[in-house]
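I have placed the structure first, in the form of structure tokens, so that the comments after it can refer back to it.
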Amino acid sequence: MNSAVPVLTVDGPSGSGKGTISALVAQRLGWHLLDSGALYRLVAFGAGRHQIDLADETALAEYAAGLDVSFELVPGATEVRILLEGEPVGAAIRTEACGNSASRVAALGRVREALLQRQRDFRQPPGLVADGRDMGTVVFPDAEVKIFLTASVEERARRRYKQLIEKGISANLADLMKEIAERDARDTQRAVSPLKPAADAVVLDTSEMNINEVVDKVLALCRERFDNLPQ
């Protein structure tokens, strides 16, 4: 691990805004971005493409270890362009079904172990914004700034509902609330790397905050810790 390269970790539960905030902060800082949650979605999606059973932990771990993925920041956009084996798959891996499969994959210890070094390899100059659920506790425990974003289940479901409707995808708010609550339970109670804030993380409840307010708060925390950051 290249400990000389600064890292900001942004952890939190599903729907807390990690991806949007991380992409915007990475753009403002001119840093690289790691969307670790996408890695598990990519493994789940790729498993389907390559006919790997989600119950076959050995095969999933082997596929994860050689995962061919890259993230491209799009100026001004709140999402990154995700390439799997050279093909854009951003929309394909963002379905609720893929998210639920990814949550199952993420609970497998051998898959998490296979992806650990893959994630650490994203730590390149001038810096890295690492978005996920165990970035500050497991992947980059030495990160200088750690953020844990959270929001109420109701607010996270509302945001997800709005996002899906804007994309022309039908959704049911009650179903989304149920799915998010169930995913929270799986992620916080799993035996391997359960979802929790790092002991030295700053916890931000974004239920009553807009995107710009959260980005400004995160950047302010970074400027307190890192030198020579762009304004």
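Counting from 240, one number per residue, gives the positions in the sequence shown under my numbering. Ideal Cβ positions, reconstructed from N, Cα and C, are used throughout, including at glycine. A quick note: this is a predicted structure, and the numbers were derived from the prediction, not measured.
Distance between beta carbons of valine 453 and glutamine 367, contact taken as under 8 Å: Before going on, a small fix: residue 367 reads as leucine here, not glutamine. Actually they do not touch by this definition, with Cβ atoms about 19 Å apart.
Cβ neighbours of glycine 276 in the same chain (closer than 6 Å, five flanking residues each side left out): Close CB contacts of glycine 276 within its chain, under the 6 Å cut and outside five residues either way in sequence, are with Gly371 (chain order).
Segment contact, 8 Å Cβ cut-off, at least three pairs: the stretch 256-269 with the stretch 436-451: Cβ pair count under 8 Å is three or more, so yes.
The stretch 342-355 in contact with the stretch 276-287 per 3-pair CB rule at 8 Å: Because the criterion of three Cβ pairs below 8 Å is met, the stretch 342-355 and the stretch 276-287 touch.
The stretch 410-417 contacting the stretch 319-332, beta-carbon criterion three pairs below 8 Å: Of all C-beta pairs linking the stretch 410-417 to the stretch 319-332, fewer than three are shorter than 8 Å, placing the two stretches out of contact.
Collapsed DSSP secondary structure at phenylalanine 361 in the structure displayed: Residue state for phenylalanine 361 is assigned as coil, using DSSP reduced to three classes.
Those runs of the beta strand (DSSP E) which lie wholly inside the stretch 356-433 and span at least 3 residues: Under the rule that a run must span 3 or more residues, the beta strand (DSSP E) segments found entirely inside the stretch 356-433 read 367-371 and 384-389.
Beta-carbon proximity of alanine 440 to lysine 385, cut-off 9 Å: In contact: alanine 440 and lysine 385 (Cβ atoms closer than 9 Å).
Extent of the continuous beta strand (DSSP E) run through arginine 343: Per DSSP, arginine 343 belongs to no beta strand (DSSP E); it is in the alpha helix (DSSP H), 335-345.
Chain-order list of residues whose beta-carbon lies under 6 Å from that of alanine 420 (same chain, five-residue window excluded): The beta carbon of alanine 420 sits closer than 6 Å to those of Val392, all from its chain and outside the five residues before and after it, given in chain order.
CB of glycine 338 within 9 Å of CB of arginine 422, strictly: The Cβ atoms of glycine 338 and arginine 422 sit closer than 9 Å to each other.
Same chain, Cβ closer than 6 Å to glycine 427, neighbours up to 5 away in sequence not counted: Reading off the sequence, residue 427 comes out as threonine, not glycine. Only Pro433 and Leu434 meet the Cβ criterion.
Arginine 398 versus glycine 254: straight-line alpha-carbon distance, rounded: Per the coordinates, the alpha-carbon of arginine 398 lies some 7 Å from the alpha-carbon of glycine 254.
Same chain only: Cβ atoms within 8 Å of threonine 317, ignoring 5 sequence neighbours per side: Correct list, in chain order: Gly258, Thr259, Ala262, Leu263 and Ile450.
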